[in-house]
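K.L.:
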Amino acid sequence: LKDPHVTVRKHALMVLTHLILNDMMKVKGYISDIAECLEDDDQRIVALTKLFFHELAQRGHSPIYNLLPDILSRLSANTALSQASFQKIMKYLLGFITKDKQVESIVEKICTRFSCCEDTRRARDLAFCLSQLSISEKGLKILSEAVKSYTPWLGDEEVWSKFQVAFQKAKKWTKPEVRASIEEFEEKLAAIHVEQQGYKKTEDAAASTSSGSKGDQGRTYTEVENRQPGVVNGAELTPPPQDKCTPHSPGSQAYNSSNAEKQIESTTSDSRARFPLQEQSQFAK
11 LKDPHVTVRK HALMVLTHLI LNDMMKVKGY ISDIAECLED DDQRIVALTK LFFHELAQRG
71 HSPIYNLLPD ILSRLSANTA LSQASFQKIM KYLLGFITKD KQVESIVEKI CTRFSCCEDT
131 RRARDLAFCL SQLSISEKGL KILSEAVKSY TPWLGDEEVW SKFQVAFQKA KKWTKPEVRA
191 SIEEFEEKLA AIHVEQQGYK KTEDAAASTS SGSKGDQGRT YTEVENRQPG VVNGAELTPP
251 PQDKCTPHSP GSQAYNSSNA EKQIESTTSD SRARFPLQEQ SQFAK
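To get the numbering used here, take the position in the sequence shown, counting from 1, and add 10.
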């Protein structure tokens, strides 16, 4: 599928399509490579790839929904794939997800993955996927309850803009009382975004004037941020125990600030109050 010759790529795709759609081969493991063909230079290959996913979506047990987490992980980790190509591929695939329960499940999985993000690129990828979903009332409740997982990334302008898109889409179909709750939730996240922006500017200014530790003088902010943890001026320190999926924050001060923590706790604790209809809805049952 990555051969430089168009004919080879085309025939490989046709063979895989035949084997997978006739249950002669497991799709998992190859699906992300097939998805990348949606951005092939040859339009015939793009058309064949779209036909493959269209036929796959017609099958029972929601195969595309079940394969999306694997596709998302592999494409986001592929540094050779541009962010624009990633967004085009995921936008096409997420278009097959129309059931509320499936959307809610994907929202929950995306929120969980925010906690495991190691860089801004992956956080932006997750935020983009979130913006492509038509989030239901229950999905909004899941989003509000998982606020701690994505709060460290709200300081990034692109991540925040995708959250705003998700909120705007949700407000189009909701009832007036629910729309007011969404606006209140959005305002709280906006306050966290502004606060983190302020901390980031402060840290950038401090790094540019070399006002940090002696061992960090002459380094850029990125170099200081990405240095080996537990080492200061060549001396190794014993780091505190951490979970395998400890949230990574672009700016530790922004994440650990008392004001941000209070806002997060407030946003999480009153999630039920902000979506009162949910407790009596069919989803709660």
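Positions of the beta carbon are idealized from the N, C-alpha and C atoms, including for glycine.
Quantities reported herein were computed from a predicted structural model and do not represent experimental measurements.
Is the beta carbon of Glu-114 less than 8 Å from the beta carbon of Lys-158?
P.N.:
Taking 8 Å as the Cβ cut-off, Glu-114 and Lys-158 do not qualify as a contacting pair.
K.L.:
Quick one: using the 10 Å Cβ neighbour count with 16 as the cut-off for buried, is Arg-19 buried or exposed?
P.N.:
buried
K.L.:
Quick one: which unbroken beta strand (DSSP E) runs of 3-plus residues sit fully inside the stretch 102-177? Chain order, please.
P.N.:
The stretch 102-177 is shown to contain no whole beta strand (DSSP E) run of 3 or more residues.
K.L.:
Since Thr-184 is in the alpha helix (DSSP H), which residue starts that stretch and which ends it?
P.N.:
Counting along the chain, Thr-184 falls outside any alpha helix (DSSP H), and DSSP gives it neither H nor E.
K.L.:
Within the same chain, show all residues whose beta-carbon is closer than 6 Å to that of Val-16, passing over the 5 residues directly before and after it, in chain order.
P.N.:
Asp-52
K.L.:
Can you give me the C-alpha to C-alpha distance between Leu-11 and Ala-156, rounded to a whole angstrom?
P.N.:
38 Å
K.L.:
Is the beta carbon of Asp-80 less than 8 Å from the beta carbon of Ile-116?
P.N.:
It is not a contact, given that the beta carbons lie outside the stated cut-off.
K.L.:
With a threshold of 16 other CB atoms inside 10 Å of the CB of Val-188, please say whether the residue is buried or exposed.
P.N.:
buried
K.L.:
Would DSSP call Ala-90 helix, strand or coil?
P.N.:
coil
K.L.:
CA-CA distance, Glu-65 and Thr-161?
P.N.:
38 Å
K.L.:
Tell me the rounded alpha-carbon separation between Ala-90 and Lys-198.
P.N.:
Taking the straight line from one Cα to the other gives about 36 Å.
K.L.:
Label Leu-172 either buried or exposed according to how many other C-beta atoms from any shown protein chain fall within 10 Å of its C-beta, with 16 as the threshold for buried.
P.N.:
Note that residue 172 is Lys in the sequence shown here, rather than Leu. That one is buried.
K.L.:
Between which two residues does the alpha helix (DSSP H) harbouring Glu-46 extend?
P.N.:
41-46
K.L.:
With distances taken from CA atoms, which of Leu-58, Met-100 and Gln-112 is nearest His-71?
P.N.:
That would be Gln-112, whose Cα lies nearest to the Cα of His-71.
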